[in-house]
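As structure tokens, the structure follows; a few thoughts come after it.
There are 2 protein chains.
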Amino acid sequence: METITIKDIAALCGVGISTVSRAINNHPDINEETKAMIMQVISENNYIPNNSARNLKRTDSNTIAVLIKGITNPFFSNMIKTFERKIKEKKYSFILQHVDNRENEIDVAIQLIKEKKLKGIVFLGGHFSHSNEKLAQLKVPFVLSTIGTTQKLDRTICSSVSVDDFKESYKIVDYLCKLGHSKIAIITAPLDDESIGSLRLNGYMSALRDNGIQIKKNLIRFMKDELESYSIQNGYVVTRELLESGENFTAIYAISDTLVIGACRAIFDVGQRIPEDYSVAGFDGLDIAHYYNPSITTIRQPVEEMAEETIKILFDAISGKTSAQHKTFQGELIIGQSTGPILRRK
Amino acid sequence: METITIKDIAALCGVGISTVSRAINNHPDINEETKAMIMQVISENNYIPNNSARNLKRTDSNTIAVLIKGITNPFFSNMIKTFERKIKEKKYSFILQHVDNRENEIDVAIQLIKEKKLKGIVFLGGHFSHSNEKLAQLKVPFVLSTIGTTQKLDRTICSSVSVDDFKESYKIVDYLCKLGHSKIAIITAPLDDESIGSLRLNGYMSALRDNGIQIKKNLIRFMKDELESYSIQNGYVVTRELLESGENFTAIYAISDTLVIGACRAIFDVGQRIPEDYSVAGFDGLDIAHYYNPSITTIRQPVEEMAEETIKILFDAISGKTSAQHKTFQGELIIGQSTGPILRRK
Chain A
1 METITIKDIA ALCGVGISTV SRAINNHPDI NEETKAMIMQ VISENNYIPN
51 NSARNLKRTD SNTIAVLIKG ITNPFFSNMI KTFERKIKEK KYSFILQHVD
101 NRENEIDVAI QLIKEKKLKG IVFLGGHFSH SNEKLAQLKV PFVLSTIGTT
151 QKLDRTICSS VSVDDFKESY KIVDYLCKLG HSKIAIITAP LDDESIGSLR
201 LNGYMSALRD NGIQIKKNLI RFMKDELESY SIQNGYVVTR ELLESGENFT
251 AIYAISDTLV IGACRAIFDV GQRIPEDYSV AGFDGLDIAH YYNPSITTIR
301 QPVEEMAEET IKILFDAISG KTSAQHKTFQ GELIIGQSTG PILRRK
Chain B
1 METITIKDIA ALCGVGISTV SRAINNHPDI NEETKAMIMQ VISENNYIPN
51 NSARNLKRTD SNTIAVLIKG ITNPFFSNMI KTFERKIKEK KYSFILQHVD
101 NRENEIDVAI QLIKEKKLKG IVFLGGHFSH SNEKLAQLKV PFVLSTIGTT
151 QKLDRTICSS VSVDDFKESY KIVDYLCKLG HSKIAIITAP LDDESIGSLR
201 LNGYMSALRD NGIQIKKNLI RFMKDELESY SIQNGYVVTR ELLESGENFT
251 AIYAISDTLV IGACRAIFDV GQRIPEDYSV AGFDGLDIAH YYNPSITTIR
301 QPVEEMAEET IKILFDAISG KTSAQHKTFQ GELIIGQSTG PILRRK
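Pasting the structure below:
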């Protein structure tokens with residue numbers, strides 16, 4: 001059967017294409033007789049407007065969604081900009097979708113795939129503790145970007161881009177130990193966090209052990225559930241509580257720079273100095289870590305490169321070139337003004 | 001003419017609905033004879049699959065888009081969270097679209113309206129200097145949120161939510177004058193900015209004049225075009241240049257808190273103190289303004305309330321309840337540690 005087009009129908013009927021279109025689409029502005037005639041010709045010629053093809057063209061538009069947990073976290077800002085640039089280069093369009101902490105991102109993704117006919121997904125940040133069965137429900141390629149996973153994910157069904165959160169965390173805590181600190185507090189994610197929080201906590205504990213330092217339970221502090229996670233305010237509240245507990249320590253390591261900013265303010269607010277009274281170290285390498293007073297010692301994650309690699313891997317998968325890929329980037333220890341050798345024995 | 005449904009066609013043909021659907025959609029899994037018969041019945045009964053209605057149902061899904069200029073600006077983070085919450089409450093879905101500085105947001109919006117069948121749009125941040133003719137091309141309701149406009153916008157065709165950028169800017173500069181400062185530098189947007197940059201600059205000049213202070217051209221400094229606008233780095237570079245120019249001043253007012261953070265770091269880097277050597281004031285009331293060391297004197301914008309009002313106005317317009325609305329919020333002068341009475345006469 002030859003393919004008949006709307007143009008052919010219009011020619012057969014002796015009307016314009018727009019009139020045929022009006023007939024097909026039940027438009028009120030058409031003479032009933034003309035419409036009946038057109039529909040008859042359409043039927044006789046087995047012409048069927050290809051709805052699926054038309055929908056595809058009109059609404060599909062090659063869309064990639066980035067699902068982000070923690071949209072207020074400045075760590076993601078530069079990544080998002082890079083995602084957008086790279087996705088545009090590929091002539092795809094780009095949806096940024098915030099996922100609430102209480103939402104299941106896989107369900108959000110499945111819904112979006114259906115609604116927006118996505119071609120691919122980037123999961124950015126947050127926990128990621130879904131069963132392999134759940135992940136298998138995602139029928140489009142996806143990449144986990146800067147999501148540490150401690151669980152037994154089937155590495156053949158998903159791709160990932162991150163730093164080695166354990167190793168980098170070890171690196172900065174080891175640096176504090178080498179400065180002479182042995183009473184090092186940590187601010188980390190609650191223990192039910194199976195993601196970067198627990199990886200970075202493990203790095204901390206491992207570095208202490210290797211430096212012959214006993215782990216003190218009272219120096220392991222957790223972000224408050226009732227406050228936004230990784231927020232400056234959360235770091236402030238936890239540090240203030242730690243300072244007021246009378247616990248003896250000379251350094252704080254917080255697992256994000258945002259938390260560290262809050263920690264610093266808490267230290268200043270009780271009239272103590274950094275680094276003379278307390279050394280403070282963070283993680284991420286945000287701009288603000290550099291511009292804060294004092295500048296913050298931190299682990300810089302190469303966010304632009306990580307974002308570029310995320311998109312590269314995603315498009316490899318979309319084009320069917322490869323299956324799952326896993327890329328681990330090196331972090332860099334940036335030494336700021338917020339840490340120094342231990343000056344006093346508390 | 002009675003409305004005929006796919007169910008009626010199926011009954012008339014003695015087949016299932018899915019078979020009728022396969023016929024309509026040109027599906028390969030259907031007997032050619034059955035298909036011809038169905039199409040004949042369809043034609044005879046003037047049954048026309050209502051594509052537009054079906055598209056609506058499948059892909060429309062009541063979507064609101066927020067078009068944001070300056071996604072890395074933390075000022076917008078809390079607004080976005082509020083937008084999302086309020087839009088979800090209305091059972092609408094939410095697309096966040098970043099607009100590049102070089103892009104025309106109206107064109108981006110028109111494209112999105114077409115692709116995603118938007119029900120409404122929020123324009124967030126940035127310049128907004130489009131002709132009324134251009135604005136009239138937007139066929140869905142929209143609200144300008146925290147976009148100052150100096151141009152002669154037809155206030156009957158668009159709604160807006162913002163603070164009075166002129167008045168609030170006047171307020172904080174007047175505060176600096178009352179502290180005894182008369183040599184006050186400003187960091188603002190380039191002169192071609194017809195938005196908050198020029199409004200806040202006008203507020204600065206007006207406050208100086210009313211305090212009997214002559215405006216010095218050399219103290220009016222502009223963000224660098226080649227750096228990201230309103231970025232910390234931009235504030236740093238401009239302030240560093242100002243400090244090294246040898247220009248005589250005792251206070252800096254930057255039109256955003258992000259710029260102020262950079263300004264502070266530049267002052268520290270040349271070995272000067274805040275506020276003893278320089279008073280520093282910002283605008284926006286970001287969290288970081290409170291947590292920075294020293295805390296920053298600024299104008300707090302009530303971002304959550306502004307975001308809520310934005311969505312309220314948008315949905316009023318979507319429901320056809322009202323035409324254009326314009327809501328101006330009060331800012332609040334927050335006095336931090338970064339400003340003080342003038343201590344020396346330079």
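If you're matching them up, the sequences are chains A and B in order. The numbers in UniProt numbering rise by one with no breaks, and the one at position 156 of the first sequence is 156. The numbers in UniProt numbering rise by one with no breaks, and the one at position 57 of the second sequence is 57. For every residue, glycine included, the Cβ atom is placed at its ideal position computed from N, Cα and C.
Can you tell which of the options has its C-alpha closest to the C-alpha of residue i?
i	options	result
residue 289 of chain A	A:33, A:89, A:246 and A:74	A:74
residue 230 of chain A	A:255, A:217 and A:82	A:255
residue 23 of chain B	B:64, B:36 and B:211	B:36
residue 235 of chain A	A:246, A:312, A:30 and A:260	A:260
residue 244 of chain B	B:206, B:228 and B:271	B:271
residue 144 of chain B	B:327, B:332 and B:176	B:327
residue 277 of chain A	A:225, A:340 and A:240	A:340
residue 258 of chain A	A:141, A:175 and A:187	A:187
So which residues on chain A does residue i lean against when the C-beta distance must stay under 9 angstroms?
i	result
residue 131 of chain B	Result: empty, since nearest Cβ-Cβ is about 26 angstroms, beyond 9 angstroms.
residue 180 of chain B	Within chain A, no residue comes near residue 180 of chain B; the closest Cβ sits about 24 angstroms away, beyond 9 angstroms.
residue 301 of chain B	Within chain A, no residue comes near residue 301 of chain B; the closest Cβ sits about 16 angstroms away, beyond 9 angstroms.
residue 98 of chain B	80, 81, 84, 94 and 96
With H, G and I counted as helix, E and B as strand and the rest as coil, what does DSSP make of residue i?
i	result
residue 24 of chain A	helix
residue 176 of chain A	helix
residue 170 of chain B	helix
residue 18 of chain A	helix
residue 233 of chain A	helix
residue 5 of chain B	coil
residue 102 of chain A	coil
residue 338 of chain B	coil
residue 193 of chain B	coil
residue 213 of chain B	coil
residue 283 of chain A	coil
residue 290 of chain B	helix
So, are the CB atoms of residue i and residue j less than 8 angstroms apart?
i	j	result
residue 119 of chain A	residue 318 of chain A	yes
residue 146 of chain A	residue 306 of chain A	yes
residue 221 of chain A	residue 238 of chain A	yes
residue 121 of chain B	residue 139 of chain B	no
residue 126 of chain A	residue 195 of chain A	yes
residue 179 of chain B	residue 342 of chain B	yes
residue 131 of chain A	residue 324 of chain A	no
residue 87 of chain A	residue 311 of chain A	yes
residue 274 of chain A	residue 206 of chain A	no
Roughly how many whole angstroms lie between the Cα atoms of residue i and residue j?
i	j	result
residue 90 of chain B	residue 4 of chain B	33 angstroms
residue 128 of chain B	residue 99 of chain B	12 angstroms
residue 168 of chain B	residue 203 of chain B	7 angstroms
residue 294 of chain A	residue 336 of chain B	18 angstroms
residue 163 of chain A	residue 280 of chain A	21 angstroms
residue 322 of chain B	residue 156 of chain B	11 angstroms
residue 94 of chain B	residue 303 of chain B	19 angstroms
residue 9 of chain A	residue 314 of chain B	43 angstroms
residue 282 of chain A	residue 299 of chain A	7 angstroms
residue 215 of chain A	residue 233 of chain A	26 angstroms
residue 185 of chain B	residue 208 of chain A	49 angstroms
residue 320 of chain A	residue 62 of chain A	15 angstroms
residue 165 of chain B	residue 21 of chain B	58 angstroms
residue 53 of chain B	residue 191 of chain A	Confidence at residue 53 of chain B is low in this model, with a pLDDT of 36, below 50, so the placement of that residue should be treated as unreliable; the coordinate-derived value is given next. Their Cα atoms are separated by approximately 49 angstroms.
residue 109 of chain A	residue 102 of chain A	14 angstroms
residue 70 of chain B	residue 227 of chain A	26 angstroms
residue 213 of chain B	residue 248 of chain B	14 angstroms
residue 97 of chain B	residue 84 of chain B	13 angstroms
What does residue i reach in chain A if we use C-beta pairs closer than 7 angstroms?
i	result
residue 71 of chain B	77, 80 and 81
residue 347 of chain B	With chain B covering 1 to 346 only, the question about residue 347 of chain B has no answer from this structure.
residue 170 of chain B	Going along chain A, no residue has its Cβ under 7 angstroms from residue 170 of chain B, so there is no contact; the nearest lies around 28 angstroms.
residue 197 of chain B	The contacting residues do not exist; residue 197 of chain B stays about 21 angstroms from chain A at best.
residue 187 of chain B	Within 7 angstroms Cβ-Cβ: nothing; residue 187 of chain B doesn't reach chain A, min ~15 angstroms.
Check the Cβ of residue i against every Cβ in chain B and list those closer than 8 angstroms, keeping chain order.
i	result
residue 40 of chain A	43
residue 103 of chain A	Simply none; closest approach about 10 angstroms.
residue 272 of chain A	Simply none; closest approach about 12 angstroms.
residue 268 of chain A	293
So which residues of chain B does residue i contact, with C-beta pairs closer than 9 angstroms?
i	result
residue 265 of chain A	290, 291, 292, 293 and 295
Which chain B residues are close to residue i, counting only those with a beta carbon under 7 angstroms from its beta carbon?
i	result
residue 4 of chain A	Here the premise fails: no neighbours, minimum Cβ distance about 11 angstroms.
Quick one: which chain A residues come within Cβ less than 8 angstroms of residue i?
i	result
residue 285 of chain B	Chain A residues near residue 285 of chain B: none, gap ~14 angstroms exceeds 8 angstroms.
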